[in-house]
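Residue numbers (the working numbering), protein chains in the order written: chain S, 7 to 264; chain H, 7 to 264.
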């Protein structure tokens, strides 16, 4: 690549979140950066898209870096669609999403706006990576992530990714010197055991807050949860072909057409 | 099974949509039905969950059938979580979602609230099916679907489904006598080419409507798109382990730890 790569940056915590500001500053050292990110937090939005209402987008100036930035009223997936079809002059060479405030490992990938943005770029044939730090607080320390985020992004730019594959990168919330390295992993089998906090409104109406405990059901030592517990950065190659190919043969024995 | 199965019914078009009313009436012939469905349309919500606001749910009475019904202010995935953790006395024997007004074949599975509800049940270890009719209109004719929806549901109750696998069933919008049967398929490679309709608000602010054309990029004769075009009902076994297992070996050659 003789000219600098065009890098699309997005996230789900909103355009002013420290995580995306860190990601933008790292990407400015690699290529030409265009940011299209939600104007408000969109955590837990999954792969939602805006079908029944309108989208706003405007040029914004948040710091004095060289990047071009747009905020968007839509979901993370909307941001990527709008960037590719409307705001960018050409297809970006890579899309990076994050750095998310909080884990998107194991089953969290399903609920993640950060990963849905990366997956949306992947659907469009753009190499894409979602980055997440295991600290959901606004004041999370992203500094230990920086060299790893840069290295993984450069490797994807150099090696490319096969069509239909996106990287899901999670970073443990520990000091940089404690990070043991990077592990390629599979998504752990895990789930959330929800506990609904039932309350009564001042008007006497019942309502709920969704809370829950994360439960890792997977004892494997090749999973993202295992790697993160062992102080590694986890990288899971992730796909949007959801077909359970291995079960097609079995289903054909059901004789659904009898 | 000596006693009648407990069937959880949900959807993404909202509890009063004709599609879910049809599904409820079919399920009433099979088991004891509890409905927990959104109080308003949630199409395109993907696997969104409600993290930053409250959830309301209330018992509702929409027709004189034997089912028990709750509406919920949340997303389809929220409805399933609330049903399992809070509203049902025991784990349901099956969860059926739909019948969706419109296709959830190929890449649409990613954006689908209907399928995210079924997948959420699958994550909880409940056999689950998402049903969709290829007609997005409110007045869609669900009558041709009925015997097929019943048969597939009964087969899942009889055979069970392996942990981690959900069925994505799509039904062509044709007369019942024109339906050739049921095909087990893989998810076609397809995408949406968006066209943003840019307009100006009365206040002079630019805004967009998301519109687009569906493009099937897959010439295979084993895909859901192919089956539907050939007047078959498509059944895709769908999973929420998004790991691209086949790419792990290749990624390990990248030497990310050098």
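For every residue, glycine included, the Cβ atom is placed at its ideal position computed from N, Cα and C.
Output, in chain order, the set of chain H residues within a Cβ distance shorter than 8 Å of residue i.
i              : result
residue 96(S)  : Going along chain H, no residue has its Cβ under 8 Å from residue 96(S), so there is no contact; the nearest lies around 16 Å.
residue 139(S) : Correct list: empty, because the minimum Cβ distance to chain H is about 17 Å.
residue 266(S) : No statement about residue 266(S) is possible, as the shown extent of chain S runs from 7 to 264 and does not include it.
Evaluate residue i with the Cβ neighbour count: other Cβ atoms within 10 Å of its Cβ, from every protein chain shown; 16 or more gives buried, anything less gives exposed.
i              : result
residue 226(S) : exposed
residue 139(H) : buried
residue 257(H) : buried
residue 264(H) : exposed
residue 212(S) : exposed
residue 84(S)  : buried
residue 59(H)  : exposed
residue 168(H) : exposed
residue 176(H) : buried
residue 208(H) : exposed
residue 183(H) : exposed
residue 166(S) : exposed
residue 87(H)  : buried
residue 80(S)  : buried
What residues from chain S crowd round residue i, counting only those whose CB sits closer than 7 Å?
i              : result
residue 53(H)  : 52, 53, 116 and 117
residue 220(H) : Within 7 Å Cβ-Cβ: nothing; residue 220(H) doesn't reach chain S, min ~12 Å.
residue 67(H)  : Result: empty, since nearest Cβ-Cβ is about 18 Å, beyond 7 Å.
residue 193(H) : 247, 248 and 249
Mind checking whether residue i and residue j have CB atoms under 8 Å apart?
i              : j              : result
residue 115(S) : residue 191(S) : no
residue 52(S)  : residue 251(H) : no
residue 105(H) : residue 137(H) : yes
residue 50(H)  : residue 14(S)  : no
residue 21(S)  : residue 68(S)  : yes
residue 71(H)  : residue 148(H) : no
residue 262(S) : residue 32(H)  : no
residue 82(S)  : residue 46(S)  : no
residue 36(S)  : residue 11(S)  : yes
residue 28(H)  : residue 160(H) : no
residue 110(H) : residue 174(H) : yes
residue 229(H) : residue 248(S) : no
residue 34(H)  : residue 120(H) : no
residue 95(S)  : residue 163(S) : no
residue 117(S) : residue 90(H)  : no
Under 9 Å Cβ-Cβ, which residues of chain S neighbour residue i?
i              : result
residue 187(H) : 262 and 263
residue 70(H)  : Here the premise fails: no neighbours, minimum Cβ distance about 25 Å.
residue 58(H)  : 47, 49 and 50
residue 183(H) : Under the 9 Å cutoff, chain S gives no residues; its nearest Cβ is about 15 Å from residue 183(H).
Which residues of chain H have a Cβ atom closer than 7 Å to the Cβ of residue i, listed in chain order?
i              : result
residue 253(S) : 168, 171 and 243
residue 177(S) : Those do not exist, as residue 177(S) stays about 13 Å from chain H at its closest Cβ, beyond 7 Å.
residue 122(S) : 52
Quick one: residues in its chain with C-beta nearer than 7 Å to the C-beta of residue i, no 5 flanking neighbours on either side, listed in chain order?
i              : result
residue 185(S) : 150, 178, 237 and 239
residue 218(S) : 198, 199, 200 and 201
residue 196(S) : 112, 113, 220, 221, 222, 223, 224 and 231
residue 214(S) : 202, 203 and 204
residue 246(S) : 125, 128, 129 and 170
residue 216(S) : 200 and 202
residue 131(H) : 169
Which same chain residues end up closer than 8 Å to residue i when comparing Cβ atoms and leaving out the 5 residues on each side of it in sequence?
i              : result
residue 93(S)  : 40, 42, 63 and 76
residue 145(S) : 24
residue 206(H) : 212 and 213
Excluding the 5 residues flanking residue i on each side, which residues of the same chain have their C-beta closer than 6 Å to its C-beta?
i              : result
residue 128(S) : 134 and 172
residue 108(H) : 142
residue 66(H)  : 75 and 77
residue 154(S) : 239
residue 156(H) : 32
Give me whichever residues DSSP pairs with residue i in a beta bridge.
i              : result
residue 75(H)  : 41(H) and 66(H)
residue 192(S) : 229(S)
residue 101(S) : 14(S) and 134(S)
residue 219(H) : 199(H)
residue 52(S)  : Residue 52(S) is not bridged to any residue.
residue 241(H) : 175(H) and 190(H)
residue 106(H) : 138(H)
residue 211(S) : Partner(s): none; residue 211(S) has no beta bridge.
residue 61(S)  : 214(H)
residue 205(H) : 213(H)
residue 249(H) : 244(S)
Along chain S, in chain order, which residues have C-beta atoms closer than 8 Å to that of residue i?
i              : result
residue 92(H)  : 202, 204 and 214
residue 165(H) : 260
residue 62(H)  : 211, 212, 213 and 214
Check the Cβ of residue i against every Cβ in chain H and list those closer than 9 Å, keeping chain order.
i              : result
residue 160(S) : Those do not exist, as residue 160(S) stays about 10 Å from chain H at its closest Cβ, beyond 9 Å.
residue 87(S)  : 198, 200, 202, 216 and 218
Could you work out which residues of chain C lie near residue i, taking near to mean beta carbons separated by less than 8 Å?
i              : result
residue 197(S) : Reference to chain C is not applicable here, since the protein chains of this structure are S and H.
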